[in-house]
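Those protein sequence lines, which keep their order, are chains A and B. With this note's numbering, letter number 175 in the first sequence gets 175, and the count goes up by one each step, no holes. With this note's numbering, letter number 55 in the second sequence gets 1055, and the count goes up by one each step, no holes.
2 protein chains.
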Amino acid sequence: MRKSQSSSIDYLALLPEWLRELLLESDDFGEHEQRMKFVIRLARLNVDNGTGGPFGAAVFESSSGRLVAAGVNLVTILNCSLAHAEMVAIAFAQRSLASYDLGRQELPEHELVTSCEPCAMCLGAIPWSGVSRVVCGARDEDARNIGFDEGSKVSDWPVELEKRDIEVVRDVCRSSAVQVMQHYHVAGGEIYNSRKA
Amino acid sequence: MRKSQSSSIDYLALLPEWLRELLLESDDFGEHEQRMKFVIRLARLNVDNGTGGPFGAAVFESSSGRLVAAGVNLVTILNCSLAHAEMVAIAFAQRSLASYDLGRQELPEHELVTSCEPCAMCLGAIPWSGVSRVVCGARDEDARNIGFDEGSKVSDWPVELEKRDIEVVRDVCRSSAVQVMQHYHVAGGEIYNSRKA
């Protein structure tokens, strides 16, 4: 009953050129801090290249640190309110492994590393992705502080994720992640909440 | 600072062929019930064509009933856990109007019509989309009854949306929407929650 689809589409063309180039030279990443520094670098490059908001994310193999896929916020250049960094990273990781479930038994465990805690949408997407750990840089209040709406999240969302066997690690390099957001804010970066928020 | 991107990608190739053909012959839709019948038909066709789960959604201009974009659940064929019907419909509507905000002042008001109440991810995505109304067929418990996980939603989510000036209309043709889900269930359709759920 299951069919395959759309193998002819060049998904990579969705990513900005600078990111495609960066991915060619990216290696494996050891510790959480190293992985976080990488996604914060993506967030910064996204701002500097004018390709979107100050957010970066990536999916890694948890044990080996292999980079599976990376994402940045592409809401404005793709004209797509769903294209948050976490969503882009998850979609590309699943595409790369040809699995809608990154937690499939035959696969090694995967983690999502994100420069900022997830908004309500990305939070809802995490259990569907199959990752078994989420590592966060800035807090969601840091994003709200520069004008971003984070949506209506269940209170105690880390507990909700942990009930689903998804570990949450917070505040990794938080101040560096916040710096990138403030840089975006000071430079007059677009706050792309919908009008109704 | 804003750049455009990826105009060369044939996004329509992401949709199943039956849906692309159906969209060519689709006209405007008057009342909520007519719009709902259309998305339930999409859900049913998605099951019958083996292209995904028993869910359909579409974005309409609220007043005129013009169909802006349609989506079905494409999780399995796209290998993408994010490809719920609502997300597909929102992404294509924004693409079609070249706006990440369907509530932009120059645009007429838009509504999302979905054969089932949104899961936690799609619920989080709705405020970012810019729609001003959500019309739902089946209840989320109907989806849970056949094995789908709906995620951790804020309690009283319709109230939360209405606080953001997004009207919620529930139970439109609910029994027809449930019938499609049961048809999928009885036929042994894949339940594509991640393993960890």
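We put the beta carbon where it would ideally sit given N, CA and C, even for glycine.
Contact check for V1047/B and G1071/B: beta-carbon distance about 15 angstroms, past the 8 angstroms limit, so the pair fails to qualify.
For chain B, the residues of the region 97 to 112 of chain A that bring a beta carbon within less than 9 angstroms of one of its beta carbons are L97, A98, S99, Y100, D101, L102, G103, R104 and Q105, in chain order. Not a single CB atom of chain B sits nearer than 7 angstroms to the CB of G137/A. For the pair A1177/B and R1041/B, the Cα-to-Cα distance works out to about 9 angstroms. F38/A carries a helical assignment under DSSP once its states are collapsed to helix, strand and coil. Contact between V168/A and V134/A holds: CB atoms are separated by about 5 angstroms, below the 8 angstroms threshold. Note that the region 87 to 103 of chain A touches the region 58 to 75 of chain A; at least 3 beta-carbon pairs, one per stretch, sit closer than 8 angstroms. Residues are counted here when their Cβ sits less than 7 angstroms from a Cβ of chain A; for the region 1034 to 1056 of chain B these are G1050 and T1051, given in chain order. For P1108/B, the closest of G1130/B, E1117/B, L1014/B and L1012/B by C-alpha to C-alpha distance is G1130/B. Nearest C-alpha to H1183/B among L1024/B, P1054/B and R1020/B: P1054/B. For A1083/B, same chain residues with a beta-carbon under 6 angstroms away, outside a window of 5 residues either side, are L1074 and V1075 in chain order. Excluding its 5 nearest sequence neighbours in each direction, E1150/B has C-beta neighbours in its own chain below 7 angstroms: C1119, A1120, D1140, A1143 and R1144, listed in chain order.
Here the C-alpha atom of V1113/B lies approximately 38 angstroms from the C-alpha atom of E61/A.
Cβ neighbours of F29/A within its own chain (closer than 7 angstroms, five residues either side excluded): R35, F38, F60, G65 and L67.
Counting only Cβ-Cβ distances below 9 angstroms, V75/A has contacts in chain B at Y1100 and W1128, in chain order.
Beta-bridge analysis with DSSP links L1112/B to V1059/B and V1134/B.
At a beta-carbon threshold of 9 angstroms, none of the residues of chain B lie near V134/A; the nearest stands roughly 12 angstroms away. Residue nearest to L45/A within the set A138/A, R95/A and L23/A is L23/A (criterion: CA-CA distance).
Contacts between E160/A and chain B, judged by CB atoms closer than 8 angstroms, involve S1152 in chain order. In the displayed model, V1169/B falls within a strand according to three-state DSSP.
Sequence-ordered contacts of the region 178 to 192 of chain A with chain B read A187, G188, G189, E190 and Y192 [C-beta pairs closer than 9 angstroms]. DSSP places A1013/B within a helical segment (H, G or I) once states are collapsed to three.
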